[in-house]
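Numbering (our numbering), first residue to last: 86 to 388. Inspection log for the structure reproduced underneath, given as structure tokens.
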Amino acid sequence: MDLLTPMRTFARVVEAGSFTAVAAEQSTSQPTISRQIGALEEHLGTRLFTRTTRALKLTDDGRTFYEQTLRVLEALSEAEGAVGRRRAKPSGLLRLATPVVFGRLQIMPRLARFMDRYEDVTVELIMNDGFTDLIEEGIDLAIRIGEITDPGLVARKIGETRRVTVASPRYLAANGTPATPADLMHHQCVVYTRLATGSRWVFEKDGEHIPVDVSGRFRANNSEGVREAVLSGLGIGLVPIWHFGDEIESGGLQVLLGGYEPSRLPTNAVYPSRRYLPLKVRAMIDFLAHEFELDRRLTAYGL
């Protein structure tokens with residue numbers, strides 16, 4: 086039998102933990118995926134999964150075969166890449182995950198140029214402020230802000246996120262303007278609950294770290310909510326400069342606390358740690374790195 090197709094399917098079922106999820110990815114039916122796995126088990130003469138109504142679990146033979154399957158598929162990809170890299174063009178479906186506001190403001194406006202350049206690539210954009218499991222969700226590439234600590238992922242820095250403290254003229258007219266980070270304790274602050282430091286904002290001045298515990302009547306677990314809250318005058322926000330580049334330049338928002346800068350964060354392209362990197366992924370990483378280098382809001386230079 087042709088083993089490559091069912092082996093690829095088997096690997097994705099293991100990673101996704103579901104026949105149904107893989108069927109949806111491949112635009113086919115769950116029984117079709119089940120038949121592929123069944124045929125593979127019959128060919129090997131062993132059970133690869135223990136099936137229950139709630140979960141799939143690899144058998145000992147299944148775990149051994151999965152490890153060997155990954156090696157075979159990786160070796161095949163490397164062989165194909167080595168032979169055809171010069172002639173090959175990026176192609177296929179690229180599943181790209183980004184934070185919500187970053188995807189809307191910084192990825193979407195650039196996608197047309199990427200897709201004009203690489204006509205054989207189809208892009209599916211997944212915008213979510215949570216940390217998606219790349220392997221389980223079948224994500225090829227993710228853009229993440231901040232340090233990457235997962236040893237199972239490869240991260241390439243493609244930009245730098247400078248953060249600023251901002252407020253609307255409406256809020257400042259009603260509440261006054263803070264002069265130091267300590268003054269923020271007496272203001273309404275818009276808290277982003279997914280921030281690694283929570284409601285503790287950390288500033289830097291002359292090499293010194295200045296932490297401040299802030300609070301406010303409005304909190305949000307997504308960057309879109311923070312953005313709109315600051316624009317509407319609900320409070321002071323600590324946000325990436327690229328959230329509000331146009332509003333800051335037009336005077337719609339005012340940057341506060343000159344001389345006190347929130348710590349900067351790397352902007353990373355992240356993908357699963359396999360040696361072979363598909364051309365479509367490499368093309369997107371290189372494209373975004375070049376695009377961000379040309380945008381002063383997305384590089385180390387800031388505004």
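All residues carry an ideal CB built from backbone N, CA and C; glycine is no exception. Just so you know, these numbers come straight off a predicted model, no measurement behind them.
Since I believe residue j is in contact with residue i (beta carbons under 8 Å), could you give me their beta-carbon distance rounded to a whole number of angstroms?
{"i": "Glu-209", "j": "Leu-178", "result": "6 Å"}
{"i": "Gly-320", "j": "Tyr-277", "result": "The pair is not a contact, with the Cβ atoms about 12 Å apart (cut-off 8 Å)."}
{"i": "Glu-376", "j": "Arg-195", "result": "5 Å"}
{"i": "Leu-323", "j": "Thr-250", "result": "5 Å"}
{"i": "Leu-219", "j": "Leu-238", "result": "7 Å"}
Can you tell me whether DSSP reads residue i as helix, strand or coil?
{"i": "Val-340", "result": "strand"}
{"i": "Glu-204", "result": "coil"}
{"i": "Val-297", "result": "strand"}
{"i": "Phe-104", "result": "helix"}
{"i": "Pro-91", "result": "helix"}
{"i": "Leu-269", "result": "helix"}
{"i": "Val-98", "result": "helix"}
{"i": "Thr-250", "result": "strand"}
{"i": "Glu-163", "result": "helix"}
{"i": "Pro-236", "result": "coil"}
{"i": "Glu-346", "result": "strand"}
Quick one: give me the first and last residue of the alpha helix (DSSP H) that residue i is part of.
{"i": "Leu-373", "result": "364 to 378"}
{"i": "Phe-49", "result": "Nothing about residue 49 can be read from this structure; the chain reaches only from 86 to 388."}
{"i": "Leu-125", "result": "115 to 129"}
{"i": "Leu-133", "result": "Per DSSP, Leu-133 belongs to no alpha helix (DSSP H) and is neither H nor E."}
{"i": "Leu-257", "result": "254 to 260"}
Rounding to the nearest angstrom, what Cα-Cα distance links residue i and residue j in this structure?
{"i": "Leu-383", "j": "Phe-288", "result": "19 Å"}
{"i": "Val-366", "j": "Glu-159", "result": "15 Å"}
{"i": "Asp-145", "j": "Leu-133", "result": "8 Å"}
{"i": "Glu-309", "j": "Pro-91", "result": "41 Å"}
{"i": "Val-340", "j": "Asp-298", "result": "19 Å"}
{"i": "Gly-175", "j": "Tyr-203", "result": "For the record, residue 175 in the displayed sequence is Pro; it is not Gly. Those two C-alpha atoms are separated by around 7 Å."}
{"i": "Leu-338", "j": "Gly-147", "result": "57 Å"}
{"i": "Lys-290", "j": "Phe-199", "result": "39 Å"}
{"i": "Leu-373", "j": "Gln-191", "result": "10 Å"}
{"i": "Leu-362", "j": "Arg-241", "result": "13 Å"}
{"i": "Pro-266", "j": "Leu-280", "result": "18 Å"}
{"i": "Arg-97", "j": "Gly-223", "result": "8 Å"}
{"i": "Arg-285", "j": "Met-369", "result": "35 Å"}
{"i": "Ile-122", "j": "Arg-304", "result": "47 Å"}
{"i": "Asp-268", "j": "Gly-344", "result": "14 Å"}
{"i": "Asn-307", "j": "Val-185", "result": "8 Å"}
{"i": "Ser-162", "j": "Pro-254", "result": "56 Å"}
{"i": "Gly-215", "j": "Arg-312", "result": "17 Å"}
{"i": "Thr-352", "j": "Leu-155", "result": "29 Å"}
Terminal residues of the continuous beta strand (DSSP E) containing residue i?
{"i": "Val-442", "result": "Here the chain has residues from 86 to 388 only, and residue 442 is not among them."}
{"i": "Pro-351", "result": "350 to 357"}
{"i": "Gly-398", "result": "Limits of the chain in this structure are 86 at one end and 388 at the other, which puts residue 398 out of reach."}
{"i": "Ala-182", "result": "177 to 183"}
{"i": "Ser-325", "result": "First, the amino acid is wrong: residue 325 is Pro here, not Ser. 322 to 325 is the extent of the beta strand (DSSP E) around Pro-325."}
{"i": "Ala-227", "result": "226 to 230"}
Give the DSSP bridge partners of residue i, in chain order.
{"i": "Gly-244", "result": "Thr-352"}
{"i": "Arg-139", "result": "Arg-139 is not bridged to any residue."}
{"i": "Arg-285", "result": "Asp-298"}
{"i": "Leu-305", "result": "Reading off the sequence, residue 305 comes out as Ala, not Leu. According to DSSP, which records beta bridges pairwise, Ala-305 is partnered with Tyr-277."}
{"i": "Glu-209", "result": "Arg-180"}
{"i": "Thr-144", "result": "Looking at the DSSP assignment, Thr-144 forms no beta bridge with any residue, so it has no partner."}
{"i": "Thr-154", "result": "Bridge partners of Thr-154: none, in fact."}
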